[in-house]
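A.B. asks: Residue numbers (the working numbering): -12 to 29. The structure follows.
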């Protein structure tokens, strides 16, 4: 998994993709959603 934060976007977007398939689809979530995900999985 590759994660790329984009802090300069209005929602501090986080882009996520499968490192084994970098040309495949990606997922974009807000910084707030990413923080909530990490809090629940940590």
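Note that CB positions come from ideal geometry on N, CA and C, so glycine has one too.
Mapping DSSP to helix, strand and coil, what is residue 17?
C.D. replies: coil
A.B. asks: Could you give the first and the last residue of the continuous beta strand (DSSP E) run that contains residue -1?
C.D. replies: Run containing residue -1: none; DSSP gives neither H nor E here.
A.B. asks: Give every residue of the same chain whose Cβ lies closer than 7 Å to the Cβ of residue 10, excluding the five residues on either side of it in the sequence, and list them in chain order.
C.D. replies: none
A.B. asks: Give the DSSP bridge partners of residue 4, in chain order.
C.D. replies: -11, 13
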